[in-house]
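Student: Same order as they appear, the protein sequences are chains A and B. Per this note's numbering: the first sequence = residues 535 to 692. Per this note's numbering: the second sequence = residues 535 to 692. Beta carbons are placed, not taken as given, at the ideal position from N, Cα and C, and that holds for glycine.
Number of protein chains: 2
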Amino acid sequence: MRLSTKGRYAVTAMLDLAIHHAEGPVTLAEISESQGISLSYLEQLFARLRKHELVVGLRGPGGGYRLSRRPQDISVAEVITAIGEGIDATQCEGKENCQEGERCLTHVLWTRLGNEIYEFLNGITLASFIERDNVNQVIRRQQQGLDVMAPGLNKTVA
Amino acid sequence: MRLSTKGRYAVTAMLDLAIHHAEGPVTLAEISESQGISLSYLEQLFARLRKHELVVGLRGPGGGYRLSRRPQDISVAEVITAIGEGIDATQCEGKENCQEGERCLTHVLWTRLGNEIYEFLNGITLASFIERDNVNQVIRRQQQGLDVMAPGLNKTVA
DNA sequence: CTAATAACCTAGTAAAATACTCAGGTACTA
DNA sequence: TAGTACCTGAGTATTTTACTAGGTTATTAG
Numbered sequence: 535m536r537l538s539t540k541g542r543y544a545v546t547a548m549l550d551l552a553i554h555h556a557e558g559p560v561t562l563a564e565i566s567e568s569q570g571i572s573l574s575y576l577e578q579l580f581a582r583l584r585k586h587e588l589v590v591g592l593r594g595p596g597g598g599y600r601l602s603r604r605p606q607d608i609s610v611a612e613v614i615t616a617i618g619e620g621i622d623a624t625q626c627e628g629k630e631n632c633q634e635g636e637r638c639l640t641h642v643l644w645t646r647l648g649n650e651i652y653e654f655l656n657g658i659t660l661a662s663f664i665e666r667d668n669v670n671q672v673i674r675r676q677q678q679g680l681d682v683m684a685p686g687l688n689k690t691v692a
Numbered sequence: 535m536r537l538s539t540k541g542r543y544a545v546t547a548m549l550d551l552a553i554h555h556a557e558g559p560v561t562l563a564e565i566s567e568s569q570g571i572s573l574s575y576l577e578q579l580f581a582r583l584r585k586h587e588l589v590v591g592l593r594g595p596g597g598g599y600r601l602s603r604r605p606q607d608i609s610v611a612e613v614i615t616a617i618g619e620g621i622d623a624t625q626c627e628g629k630e631n632c633q634e635g636e637r638c639l640t641h642v643l644w645t646r647l648g649n650e651i652y653e654f655l656n657g658i659t660l661a662s663f664i665e666r667d668n669v670n671q672v673i674r675r676q677q678q679g680l681d682v683m684a685p686g687l688n689k690t691v692a
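#1: Checking 8 Å against the spacing of the C-beta atoms, do LEU660/A and PRO595/A come in under that value?
#2: Give me the subset of the stretch 549-562 of chain A whose CB atoms are less than 9 Å from a CB atom of chain B, sorted by chain position.
#3: Helix, strand or coil for GLN647/A per DSSP?
#4: Can you give, in chain order, each stretch of the alpha helix (DSSP H) that sits fully within the stretch 564-592 of chain A and has at least 4 residues?
#5: Going along chain B in order, which residues have a C-beta closer than 9 Å to the C-beta of LEU537/A?
#6: Does PHE580/A have its Cβ less than 8 Å from a Cβ in chain B?
#7: Does the CB of GLY628/B have a neighbour CB from chain A at under 8 Å?
#8: Using the beta-carbon count (16 or more within 10 Å), is ARG536/A buried or exposed?
#9: Got a sec: which bits of the stretch 580-598 of chain B sit with their beta carbon under 8 Å from any beta carbon on chain A, in order along the chain?
#10: By DSSP, does ALA544/B sit in helix, in strand, or in coil?
#11: Could you tell me the alpha carbon to alpha carbon distance between GLY696/A and LEU562/B, rounded to whole angstroms?
#12: Quick one: what does DSSP say GLY596/B is sitting in, helix, strand or coil?
#13: Where LEU579/A and ILE617/A are concerned, what is the direct C-alpha to C-alpha distance, given to the nearest angstrom?
#14: Against VAL610/A, what residues of chain B qualify as contacts under a CB-to-CB distance less than 8 Å, listed in chain order?
#15: Just how far apart, CA to CA, sit GLU650/A and GLU612/A?
#16: Quick one: Cα of LEU592/B to Cα of ARG542/B, how far?
#17: To which residues of the same chain is GLY597/A closer than 8 Å at the C-beta, ignoring the five residues directly before and after it?
#18: May I have the straight-line CA-CA distance separating LEU583/A from ASP607/A, to the nearest angstrom?
#19: For a quick check, are the C-beta atoms of VAL589/B and LEU549/B less than 8 Å apart?
#20: Assuming LEU643/B contacts PHE663/A (C-beta within less than 8 Å), just tell me the rounded distance between them.
#21: Assign SER609/B to one of three DSSP states: helix, strand, or coil.
#22: Label THR539/A either buried or exposed according to how many other C-beta atoms from any shown protein chain fall within 10 Å of its C-beta, with 16 as the threshold for buried.
#23: Here's a check: name, in chain order, each residue in its chain whose Cβ is nearer than 6 Å to the Cβ of ARG600/A, leaving out the five neighbours to either side.
In structure tokens:
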């Protein structure tokens, strides 16, 4: 499980899409300006996001990018793995001899940690992420449970 | 919160130390061989771990490295931050103007995610990590709770 | 229709981080 | 006092990151 600035760029851009999800497609030029990320760099990142079917590209005037699913159905883990080519679970796994068993032990341990981090990030959706911020400002009087699901967003896409 | 191969190397090495914690100091040469990490690279990593007082170096014959604290008192988060110079919480925070508020929004959101990941990794100790594997093999008949604390290791260090 | 728009694609490149090597030095202990 | 093993720093190859440049293709507003 790799987690670097590159993943942050992708998540940031996806959050931008999620925020403007109701208003139709967002152009990369807009994201580039508002988030301060290079346009061509964004194009490269979105090429991968598109291949993993997290976003849909719409060409021509009035076009842009749109989330392929609802914000509450896309997890941070999905975005990061889409960018970073997934989890690389060590090199020993099946290839090497695993000399003293020692080597494989720590590898297995680390793989498990990677899985745990993935599961953790998989529980955080784009919607839950934005909600926690907006809800605090807009809806304050409502009692809120520990559920991370976004409450009022049952508008189906396409 | 950066999380890359470098951190994995450090955690792996620290796990090695934790496993042999009862048997006295472990030399970097041993870790180098068993884990397949370059000796000089290990020395660089351990220089940082030592500065953050996670390990203690013992010179001379029979020397090596030892954990400065008990395995159940060292978290994975500590190891990673010791290596990677801590969390870099975006660049905008206080310096930039935060033009439309939009920019700062995602930054705040991301900072929160970083903190959550940190808290998550902070809850995982070296001991809890190893225990879960060894316990499964050695002690099987015992009923185990959800507690991650290592049960039988109340031997004080130094 | 056509011209503007914006996605899409490919290659290259500077800067940084990573992983490692080399060459010494220093402290400890047997 | 010799040897072990920590410790330091400088240098380097590789990889990743972040970006630039220059195009092509599809779409649509006018």
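Tutor: According to the structure shown:
#1: For the purposes of this step, residue 660/A is identified with residue 126 of the first sequence, where counting begins at 1. For the purposes of this step, residue 595/A is identified with residue 61 of the first sequence, where counting begins at 1. No. Outside cutoff.
#2: LEU549, ASP550 and ILE553
#3: Taking the first residue of the first sequence as position 1, residue 647/A is located at position 113. According to the sequence provided, residue 647/A is Leu. The question's Gln does not apply to it. LEU647/A: helix per DSSP, three-state reduction.
#4: 573-585
#5: Here residue 537/A corresponds to residue number 3 of the first sequence, with the count starting at 1. Here the neighbours are MET535, ARG536, LEU537, SER538 and ILE651.
#6: Locating residue 580/A in the first sequence gives position 46, where the first residue counts as 1. It does not: the Cβ of PHE580/A has no partner Cβ on chain B nearer than 8 Å.
#7: Taking the second sequence and counting its residues from 1, one reaches residue 628/B at position 94. Because GLY628/B carries a pLDDT of 47, less than 50, the predicted location of this residue cannot be relied on, and the following value inherits that uncertainty. Not one chain A Cβ lies under 8 Å of GLY628/B.
#8: For this step, residue 536/A is matched to residue 2 along the first sequence. The residue is buried, with at least 16 neighbouring Cβ atoms inside 10 Å.
#9: none
#10: Position 10 of the second sequence, counting from 1, holds the residue named residue 544/B. Note: ALA544/B maps to helix in three-state DSSP.
#11: An answer regarding residue 696/A cannot be provided, because it is not within the stretch 535 to 692 covered by chain A.
#12: Here residue 596/B is taken as the residue at index 62 of the second sequence, counted from 1. In the structure shown, GLY596/B sits in coil (DSSP, three-state: anything other than H, G, I, E or B).
#13: By one-based count along the first sequence, residue 579/A stands at place 45. By one-based count along the first sequence, residue 617/A stands at place 83. Their Cα atoms are separated by approximately 7 Å.
#14: The residue you call residue 610/A lines up with position 76 of the first sequence. Within chain B, the residues near VAL610/A are LEU647.
#15: The count along the first sequence starts at 1 and reaches residue 650/A at position 116. The count along the first sequence starts at 1 and reaches residue 612/A at position 78. Their backbone Cα atoms lie some 14 Å apart in a straight line.
#16: The residue labelled residue 592/B in the question sits at position 58 within the second sequence. The residue labelled residue 542/B in the question sits at position 8 within the second sequence. Near 24 Å, if we compare the C-alpha coordinates of ARG542/B and LEU592/B.
#17: For this step, residue 597/A is matched to residue 63 along the first sequence. Answer for GLY597/A: PRO559, THR561 and GLY591, listed in chain order.
#18: As a first step, residue 583/A is located in the first sequence; it is residue number 49 there, counting from the start. As a first step, residue 607/A is located in the first sequence; it is residue number 73 there, counting from the start. Whole-angstrom Cα-Cα distance: 15 Å.
#19: Locating residue 589/B in the second sequence gives position 55, counting from the first residue. Locating residue 549/B in the second sequence gives position 15, counting from the first residue. For VAL589/B and LEU549/B, no; Cβs fall outside 8 Å.
#20: Reading the second sequence from its first residue, position 109 is the one you call residue 643/B. Reading the first sequence from its first residue, position 129 is the one you call residue 663/A. Sure, about 6 Å apart at Cβ, within 8 Å.
#21: Start at 1 with the first residue of the second sequence, and residue 609/B comes out as number 75. Correct three-state label for SER609/B: strand.
#22: Residue 539/A sits at position 5 when you count from the first residue of the first sequence. Exposed, by the Cβ-count rule.
#23: Taking the first residue of the first sequence as position 1, residue 600/A is located at position 66. Counting only Cβ-Cβ distances below 6 Å, and skipping sequence neighbours, we find PRO559 and VAL590.
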